[in-house]
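Participant: Quick note, the sequences are listed as chains V and P, same order.
Residue numbers for the first sequence follow UniProt numbering, so the first one is 1 and each next one is one higher.
Residue numbers for the second sequence follow UniProt numbering, so the first one is 1 and each next one is one higher.
Note that CB positions come from ideal geometry on N, CA and C, so glycine has one too.
The structure follows.
Protein chains: 2
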Amino acid sequence: MKVVKFGGSSLASGKQVEKVFQIVVSDPKRKIVVVSAPGKRSPEDEKVTDLLIECARLCLQNKNPQEKLNTVIERYAAIAQELNLSEEIINDILQDLQTRLTADKRNPDKFMDLVKASGEDNNAKLVAAFFRQQGVEAHYVNPKEAGLFVSDEPGNAQVLPESYDKLFSLRERSGIIIFPGFFGYSKEGEVFTFSRSGSDITGSILANGLKAELYENFTDVDAVYSVNPFIINSPKEIKELTYREMRELSYAGFTVLHDEALVPAFRAGIPVHIKNTNNPNAPGTKIVYERDNTNGPVIGIASDKGFCSIYVSKYLMNREIGFGRRLLAILESYGLSYEHTPSGIDDISIILRENQFTPGMEEEIVDRIKTELDSDEVVIEHSLALIMVVGEGMRHNIGTTARASKALAKANVNIEMINQGSSEVSMMFGVKEIDEKRAVQALYEEFFAAVAV
Amino acid sequence: MKVVKFGGSSLASGKQVEKVFQIVVSDPKRKIVVVSAPGKRSPEDEKVTDLLIECARLCLQNKNPQEKLNTVIERYAAIAQELNLSEEIINDILQDLQTRLTADKRNPDKFMDLVKASGEDNNAKLVAAFFRQQGVEAHYVNPKEAGLFVSDEPGNAQVLPESYDKLFSLRERSGIIIFPGFFGYSKEGEVFTFSRSGSDITGSILANGLKAELYENFTDVDAVYSVNPFIINSPKEIKELTYREMRELSYAGFTVLHDEALVPAFRAGIPVHIKNTNNPNAPGTKIVYERDNTNGPVIGIASDKGFCSIYVSKYLMNREIGFGRRLLAILESYGLSYEHTPSGIDDISIILRENQFTPGMEEEIVDRIKTELDSDEVVIEHSLALIMVVGEGMRHNIGTTARASKALAKANVNIEMINQGSSEVSMMFGVKEIDEKRAVQALYEEFFAAVAV
Numbered sequence: 001m002k003v004v005k006f007g008g009s010s011l012a013s014g015k016q017v018e019k020v021f022q023i024v025v026s027d028p029k030r031k032i033v034v035v036s037a038p039g040k041r042s043p044e045d046e047k048v049t050d051l052l053i054e055c056a057r058l059c060l061q062n063k064n065p066q067e068k069l070n071t072v073i074e075r076y077a078a079i080a081q082e083l084n085l086s087e088e089i090i091n092d093i094l095q096d097l098q099t100r101l102t103a104d105k106r107n108p109d110k111f112m113d114l115v116k117a118s119g120e121d122n123n124a125k126l127v128a129a130f131f132r133q134q135g136v137e138a139h140y141v142n143p144k145e146a147g148l149f150v151s152d153e154p155g156n157a158q159v160l161p162e163s164y165d166k167l168f169s170l171r172e173r174s175g176i177i178i179f180p181g182f183f184g185y186s187k188e189g190e191v192f193t194f195s196r197s198g199s200d201i202t203g204s205i206l207a208n209g210l211k212a213e214l215y216e217n218f219t220d221v222d223a224v225y226s227v228n229p230f231i232i233n234s235p236k237e238i239k240e241l242t243y244r245e246m247r248e249l250s251y252a253g254f255t256v257l258h259d260e261a262l263v264p265a266f267r268a269g270i271p272v273h274i275k276n277t278n279n280p281n282a283p284g285t286k287i288v289y290e291r292d293n294t295n296g297p298v299i300g301i302a303s304d305k306g307f308c309s310i311y312v313s314k315y316l317m318n319r320e321i322g323f324g325r326r327l328l329a330i331l332e333s334y335g336l337s338y339e340h341t342p343s344g345i346d347d348i349s350i351i352l353r354e355n356q357f358t359p360g361m362e363e364e365i366v367d368r369i370k371t372e373l374d375s376d377e378v379v380i381e382h383s384l385a386l387i388m389v390v391g392e393g394m395r396h397n398i399g400t401t402a403r404a405s406k407a408l409a410k411a412n413v414n415i416e417m418i419n420q421g422s423s424e425v426s427m428m429f430g431v432k433e434i435d436e437k438r439a440v441q442a443l444y445e446e447f448f449a450a451v452a453v
Numbered sequence: 001m002k003v004v005k006f007g008g009s010s011l012a013s014g015k016q017v018e019k020v021f022q023i024v025v026s027d028p029k030r031k032i033v034v035v036s037a038p039g040k041r042s043p044e045d046e047k048v049t050d051l052l053i054e055c056a057r058l059c060l061q062n063k064n065p066q067e068k069l070n071t072v073i074e075r076y077a078a079i080a081q082e083l084n085l086s087e088e089i090i091n092d093i094l095q096d097l098q099t100r101l102t103a104d105k106r107n108p109d110k111f112m113d114l115v116k117a118s119g120e121d122n123n124a125k126l127v128a129a130f131f132r133q134q135g136v137e138a139h140y141v142n143p144k145e146a147g148l149f150v151s152d153e154p155g156n157a158q159v160l161p162e163s164y165d166k167l168f169s170l171r172e173r174s175g176i177i178i179f180p181g182f183f184g185y186s187k188e189g190e191v192f193t194f195s196r197s198g199s200d201i202t203g204s205i206l207a208n209g210l211k212a213e214l215y216e217n218f219t220d221v222d223a224v225y226s227v228n229p230f231i232i233n234s235p236k237e238i239k240e241l242t243y244r245e246m247r248e249l250s251y252a253g254f255t256v257l258h259d260e261a262l263v264p265a266f267r268a269g270i271p272v273h274i275k276n277t278n279n280p281n282a283p284g285t286k287i288v289y290e291r292d293n294t295n296g297p298v299i300g301i302a303s304d305k306g307f308c309s310i311y312v313s314k315y316l317m318n319r320e321i322g323f324g325r326r327l328l329a330i331l332e333s334y335g336l337s338y339e340h341t342p343s344g345i346d347d348i349s350i351i352l353r354e355n356q357f358t359p360g361m362e363e364e365i366v367d368r369i370k371t372e373l374d375s376d377e378v379v380i381e382h383s384l385a386l387i388m389v390v391g392e393g394m395r396h397n398i399g400t401t402a403r404a405s406k407a408l409a410k411a412n413v414n415i416e417m418i419n420q421g422s423s424e425v426s427m428m429f430g431v432k433e434i435d436e437k438r439a440v441q442a443l444y445e446e447f448f449a450a451v452a453v
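Shown next as structure tokens:
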């Protein structure tokens with residue numbers, strides 16, 4: 001039995017929903033179908049979820065949401081019309097939305113979640129109706145009825161452990177189950193959504209709860225690329241990678257799958273298969289527990305800009321027990337999260353995303369580190385990029401570091417920082433932002449260009 | 001004006017004291033002479049300081065210290081005899097020691113400091129007597145009289161800032177000043193010693209207080225070596241290095257000079273010259289603020305065994321603000337100091353010296369990290385060696401990392417860890433202990449073998 005999830009672009013139009021139907025019925029093991037809200041039909045289009053957020057916001061500001069509401073209804077209507085569905089389904093959706101928009105607004109965050117969740121919920125009903133029209137037994141199942149319970153954190157709900165056992169009984173239902181992604185219910189019966197792109201999470205939770213053999217995640221790319229296609233033209237596709245590799249690559253928002261979404265599948269050891277709705281015969285990318293390390297030590301390269309480094313030096317620092325802990329406590333008091341802390345004998349640097357600073361915060365932090373920790377020198381360096389070189393094969397591969405650093409030297413890139421040694425499947429280089437592209441190209445050339453696909 | 005300090009082996013016998021005399025009088029700028037207690041004459045010999053510690057310990061245990069006391073007196077007597085000094089000086093020393101051994105023992109640590117400090121104190125008197133016998137104006141100066149005041153921390157005294165101004169007036173005294181190293185006086189007039197090898201600290205404090213042009217530190221080696229001579233046969237000597245390089249090299253207890261000792265000279269910008277009492281014409285090693293970066297990017301390689309790594313992994317760790325701080329707080333609660341904390345996206349390793357663990361502590365720490373931080377995995381890896389590659393020239397030298405890691409790969413050494421990016425003058429590699437020697441040899445070969453001396 002397989003859990004299959006379709007993203008917003010896979011359900012953006014009637015034509016796309018037809019593809020989804022063909023994909024589902026082509027494999028009788030595809031029993032559970034998790035759907036997102038309709039996404040963009042073209043780069044200029046709006047996602048239904050964004051329109052719903054706008055509706056909710058207008059209501060909260062006591063403004064008239066009618067225009068936005070019409071746009072939402074028109075999206076569903078366009079799909080229904082393309083699929084020759086009866087008007088009834090659109091009336092149901094309109095009624096549902098009107099009810100939601102008149103709900104209690106005393107807690108704005110909860111109200112927002114209730115409205116946002118309708119995008120998936122109504123789309124699941126629509127998709128189920130289309131499957132039935134095609135003569136296939138298909139049922140919309142509501143998360144409350146199925147037992148998908150979550151914590152009461154608006155926009156960031158966490159699945160409650162007891163859900164998994166309850167969801168298992170979905171196996172006994174007949175026909176194909178069409179399940180809305182993105183939200184669950186609190187114990188009090190209220191709607192709470194996962195973080196954005198949370199339909200991936202719903203699919204992963206269902207795969208875990210139902211003990212599926214596979215979690216198929218259909219999106220609009222053929223595969224996970226080995227490197228950002230904006231940096232390298234048509235880079236190599238990754239056929240298979242481990243959960244750990246996927247997680248390390250996600251460092252820079254690089255992957256097609258929501259980070260948290262891997263957790264439930266990972267804990268249950270269920271492989272995740274990323275495939276393309278628009279090209280279902282492409283092999284896609286499979287995320288697994290273990291894999292053969294053929295084709296070289298490196299599987300992918302991720303990179304991102306926008307980091308800075310807070311350099312702190314103090315003579316005899318390494319004799320001072322508690323220095324590092326007190327330094328981190330200062331950052332924590334500003335709610336800052338950091339990435340790495342490379343250190344010398346008398347100095348330490350904290351690498352963090354620079355967009356976390358609010359005006360004046362930088363100066364205040366420098367000042368506090370100087371005075372409270374009696375530091376000799378505190379300097380902030382901006383505009384750094386981090387590059388992650390990822391692969392299970394590097395674990396005990398002597399010479400990978402040498403190859404990587406030699407490639408960077410040849411490309412005339414100065415390595416500002418190296419972090420290697422904790423994760424066995426990645427190696428991190430810090431470079432100046434202006435060197436990022438050249439650095440990634442050099443590393444790709446070194447580890448991929450010569451490798452057979 | 002120069003401050004000159006002589007170590008224990010430079011004063012271990014009459015013949016050595018004669019060398020010291022020749023060195024001092026050969027340069028009229030050598031006005032302040034700081035002396036250690038007599039050291040070892042041969043590898044099997046005992047240092048006077050060790051004998052004194054044993055004396056004090058016996059007294060504290062209400063045992064008879066006479067035998068050890070005799071050995072101490074015999075050491076001074078042998079030197080005095082070799083130098084044809086009168087018996088008077090030995091009687092003075094005996095009387096001084098007997099007075100100290102009958103002092104108040106209610107605070108054993110203070111009593112220990114009082115006895116230990118006699119090694120330097122009495123040796124300064126003896127050396128001054130010899131200088132005078134040679135017809136040179138020389139005066140023993142007591143630290144209390146000179147104004148060298150310290151905190152009341154037995155065995156770990158810290159100089160009080162007001163001392164520097166007081167010491168400046170020593171410049172006005174006539175003749176050569178023979179000053180005992182290793183100790184000062186509290187504001188209450190009691191003796192407190194610096195940490196072990198603290199005569200280096202005394203010399204550095206005097207150099208700062210007197211605004212000396214140079215602090216000469218005479219010991220028994222020709223120079224600081226670029227690498228441990230037990231690993232490489234007759235390694236290249238370092239002619240000049242910066243304070244920062246010296247400090248990074250001292251990482252592994254590699255240097256000939258006490259770590260803390262550099263601080264006062266460093267703060268006053270006074271160069272430190274390490275020279276050999278037994279070969280005073282050798283150029284020695286000069287520690288300076290800045291130097292020319294000729295002869296390649298690397299100036300030295302230090303290494304040490306006996307480290308371990310505590311590996312902690314937790315899925316989505318990098319989203320958890322405060323994780324690192326709480327992890328370090330656990331280690332701090334055991335008084336453990338750590339060296340580095342390389343990190344991946346979902347994992348962090350803490351590198352520390354494994355001799356800090358007491359029985360049972362390891363298991364307890366692993367358990368606390370697992371439960372208190374809800375970690376997925378906690379593993380301690382033992383028997384690691386750290387290798388520091390040091391040089392101001394690496395700061396912006398593209399390719400140094402590539403050369404180092406390539407050399408290690410060629411020597412078939414797996415790099416367990418790299419820490420580079422905070423200190424601009426060093427790069428650290430972690431390897432398995434069994435690979436340490438091969439790794440250092442490979443790095444030496446790469447950075448030194450081809451470089452002209």
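I'd like to confirm something about residue 19(P): is its beta-carbon nearer than 7 Å to some heavy atom of the ligand SAM, or not?
Facilitator: With respect to the ligand SAM, the structure shown offers nothing to examine, as it has no ligands at all.
Participant: With a cut-off of 8 Å, does the C-beta of residue 342(V) fall near any C-beta of chain P?
Facilitator: Sequence index remark: in the first sequence, residue 342(V) carries index 342 (1-based). Answer yes: the Cβ-Cβ gap between residue 342(V) and chain P drops below 8 Å somewhere.
Participant: Have a look at residue 341(P) and residue 414(V) and give me their C-alpha separation to the nearest angstrom.
Facilitator: Counting from one through the second sequence, the residue named residue 341(P) turns up at place 341. Counting from one through the first sequence, the residue named residue 414(V) turns up at place 414. Roughly 23 Å separates the two Cα atoms.
Participant: What are the boundary residues of the alpha helix (DSSP H) that residue 209(P) is part of?
Facilitator: On the second sequence, residue 209(P) is found 209 positions in, with the first residue counted as 1. Taken as a continuous stretch (DSSP letters only), the alpha helix (DSSP H) holding residue 209(P) covers 199-209.
Participant: Using the Cα positions of residue 73(P) and residue 48(P), report the straight-line distance between them to the nearest angstrom.
Facilitator: Taking the first residue of the second sequence as 1, we reach residue 73(P) at position 73. Taking the first residue of the second sequence as 1, we reach residue 48(P) at position 48. Approximately 9 Å between the Cα atoms of the pair.
Participant: Per DSSP, what kind of secondary structure is residue 8(V) in: helix, strand or coil?
Facilitator: Walking along the first sequence from the start, residue 8(V) turns up at place 8. Three-state result, residue 8(V): helix.
Participant: Taking a Cβ distance cut-off of 8 Å, strictly less, list which residues of the segment 255-276 of chain P are near chain V, in chain order.
Facilitator: 259, 260, 263, 266
Participant: For the beta strand (DSSP E) that contains residue 14(V), what are its first and last residues?
Facilitator: If you number the first sequence from 1, residue 14(V) lands on position 14. Looking at the DSSP string, residue 14(V) is not in any beta strand (DSSP E); the run it does join, the alpha helix (DSSP H), is 14-25.
Participant: Which one or two residues does DSSP pair with residue 309(P) in a beta bridge?
Facilitator: As a working mapping, residue 309(P) is identified with position 309 in the second sequence. 351(P), 381(P).
Participant: In chain order, which beta strand (DSSP E) runs of at least 3 residues are fully inside the UniProt domain "ACT" (389-453) of chain V?
Facilitator: 417-420, 426-432
Participant: Are three or more beta carbon pairs between the segment 125-137 of chain V and the segment 85-92 of chain V nearer than 8 Å?
Facilitator: Taking a cut-off of 8 Å on C-beta distances, the segment 125-137 of chain V touches the segment 85-92 of chain V, as three or more cross pairs fall below it.
Participant: Kindly list, in the order they appear in chain V, the residues whose Cβ is closer than 7 Å to that of residue 422(P).
Facilitator: Position 422 of the second sequence, counted from the first residue, corresponds to residue 422(P). Simply 311, 342, 343, 344, 347, 348, 349.
Participant: Quick test of the definition: if touching needs 3 or more C-beta pairs under 8 Å, does the segment 199-216 of chain V touch the segment 151-169 of chain V?
Facilitator: yes
Participant: To the nearest whole angstrom, what separates the beta carbons of residue 324(V) and residue 328(P), a pair I think is in contact under 8 Å?
Facilitator: Position 324 of the first sequence, counted from the start, is the residue given in the question as residue 324(V). Position 328 of the second sequence, counted from the start, is the residue given in the question as residue 328(P). The Cβ separation is near 5 Å, so the contact holds.
Participant: Can you find a C-beta in chain P that's less than 8 Å from the C-beta of residue 355(V)?
Facilitator: In the first sequence, the residue the question calls residue 355(V) occupies position 355. With 8 Å as the cut-off, residue 355(V) does not count as an interface residue toward chain P.
Participant: My guess is that residue 245(P) and residue 299(P) are in contact by the Cβ rule of under 8 Å, so how many angstroms apart are they, rounded?
Facilitator: Along the second sequence, one-based indexing puts residue 245(P) at 245. Along the second sequence, one-based indexing puts residue 299(P) at 299. Indeed, because the Cβ distance is near 5 Å, the residues count as touching under 8 Å.
Participant: I'd like to check one pair, residue 377(P) with residue 307(P): are the Cβ atoms closer than 8 Å?
Facilitator: Counting from 1 along the second sequence, the entry for residue 307(P) is found at position 307. Counting from 1 along the second sequence, the entry for residue 377(P) is found at position 377. No, Cβ-Cβ distance for residue 307(P) and residue 377(P) is not below 8 Å.
Participant: Determine, using beta carbons only, whether residue 399(V) comes closer than 8 Å to chain P.
Facilitator: Locating residue 399(V) in the first sequence gives position 399, counting from the first residue. Yes, contact with chain P.
Participant: Could you say if the segment 379-388 of chain P and the segment 303-318 of chain P meet the contact criterion of at least three C-beta pairs nearer than 8 Å?
Facilitator: Three or more pairs of CB atoms, one per stretch, sit closer than 8 Å, so the segment 379-388 of chain P contacts the segment 303-318 of chain P.
Participant: Does residue 231(P) come out as helix, strand or coil in the three-state DSSP assignment?
Facilitator: For the purposes of this step, residue 231(P) is taken as the residue at position 231 of the second sequence. Three-state DSSP puts residue 231(P) in coil, outside helix and strand.
Participant: May I have the straight-line CA-CA distance separating residue 37(V) from residue 11(V), to the nearest angstrom?
Facilitator: Within the first sequence, numbered from 1, the residue matching residue 37(V) stands at position 37. Within the first sequence, numbered from 1, the residue matching residue 11(V) stands at position 11. Between residue 37(V) and residue 11(V), the C-alpha separation is close to 7 Å.
Participant: Check residue 334(V) in the structure and name its three-state DSSP category.
Facilitator: On the first sequence, residue 334(V) is found 334 positions in, with the first residue counted as 1. It is coil, neither helix nor strand.
Participant: Going straight from the alpha carbon of residue 345(P) to that of residue 314(P), what length do you get?
Facilitator: For the purposes of this step, residue 345(P) is identified with residue 345 of the second sequence, where counting begins at 1. For the purposes of this step, residue 314(P) is identified with residue 314 of the second sequence, where counting begins at 1. Answer to the nearest angstrom: the Cα atoms are 9 Å apart.
Participant: Does the beta carbon of residue 444(P) sit closer than 8 Å to a beta carbon anywhere in chain V?
Facilitator: For this step, residue 444(P) is matched to residue 444 along the second sequence. Not closer than 8 Å to any Cβ of chain V, the Cβ of residue 444(P) fails to qualify, so no.
Participant: Check the Cβ of residue 406(V) against every Cβ in chain C and list those closer than 7 Å, keeping chain order.
Facilitator: As a matter of chain content, chain C is missing from the structure shown, whose protein chains are V and P.
Participant: Under 8 Å, do residue 239(P) and residue 226(P) count as touching if we go by C-beta distance?
Facilitator: Counting from one through the second sequence, the residue named residue 239(P) turns up at place 239. Counting from one through the second sequence, the residue named residue 226(P) turns up at place 226. No, these two residues do not count as a Cβ contact at 8 Å.
Participant: Measure the beta-carbon distance from residue 35(V) to residue 114(V) and round it to whole angstroms, keeping in mind my assumption that it falls under 8 Å.
Facilitator: Locating residue 35(V) in the first sequence gives position 35, where the first residue counts as 1. Locating residue 114(V) in the first sequence gives position 114, where the first residue counts as 1. About 18 Å separates the two Cβ atoms, so there is no contact after all.
Participant: Taking residue 72(V) as part of the alpha helix (DSSP H), name the residues at either end of that continuous run.
Facilitator: Position 72 of the first sequence, counted from the start, is the residue given in the question as residue 72(V). Residues 66-82.
Participant: Could you tell me the alpha carbon to alpha carbon distance between residue 419(V) and residue 204(V), rounded to whole angstroms?
Facilitator: Within the first sequence, the letter at position 419 stands for residue 419(V). Within the first sequence, the letter at position 204 stands for residue 204(V). The straight-line gap from Cα to Cα measures roughly 31 Å.
Participant: Considering only the alpha carbon of each residue, which of 242(V), 139(V), 336(V), 281(V) lies closest to residue 26(V)?
Facilitator: Counting from 1 along the first sequence, the entry for residue 26(V) is found at position 26. Of the candidates 242(V), 139(V), 336(V), 281(V), the one whose C-alpha sits nearest the C-alpha of residue 26(V) is 281(V).
Participant: Can you tell which of 410(P), 432(P), 423(P) has its C-alpha closest to the C-alpha of residue 417(P)?
Facilitator: Here residue 417(P) is taken as the residue at index 417 of the second sequence, counted from 1. Taking each of 410(P), 432(P), 423(P) in turn and checking the Cα distance to residue 417(P), the smallest one comes out for 432(P).
Participant: So, is the C-beta of residue 409(V) closer than 8 Å to a C-beta in chain P?
Facilitator: Walking along the first sequence from the start, residue 409(V) turns up at place 409. Closer than 8 Å: yes.
Participant: Mark residue 258(V) as exposed unless 16 or more other C-beta atoms lie within 10 angstroms of its C-beta, in which case mark it buried.
Facilitator: Locating residue 258(V) in the first sequence gives position 258, counting from the first residue. Here residue 258(V) is buried: its Cβ has 16 or more other Cβ atoms, across all protein chains shown, within 10 Å.
Participant: On the three-pair Cβ rule with 8 Å, is the segment 360-371 of chain V touching the segment 401-412 of chain V?
Facilitator: Under the three-pair Cβ rule at 8 Å, the segment 360-371 of chain V does not count as touching the segment 401-412 of chain V.
Participant: For chain P, is any of its Cβ atoms less than 8 Å away from the one on residue 414(V)?
Facilitator: By one-based count along the first sequence, residue 414(V) stands at place 414. For residue 414(V), the answer is yes, since a Cβ of chain P falls inside 8 Å of its Cβ.
Participant: Going by beta carbon distance, what residues of the same chain come within less than 7 Å of residue 147(P), once the five residues before and after it are set aside?
Facilitator: Taking the second sequence and counting its residues from 1, one reaches residue 147(P) at position 147. The answer, listed in chain order, is 163, 166, 167.
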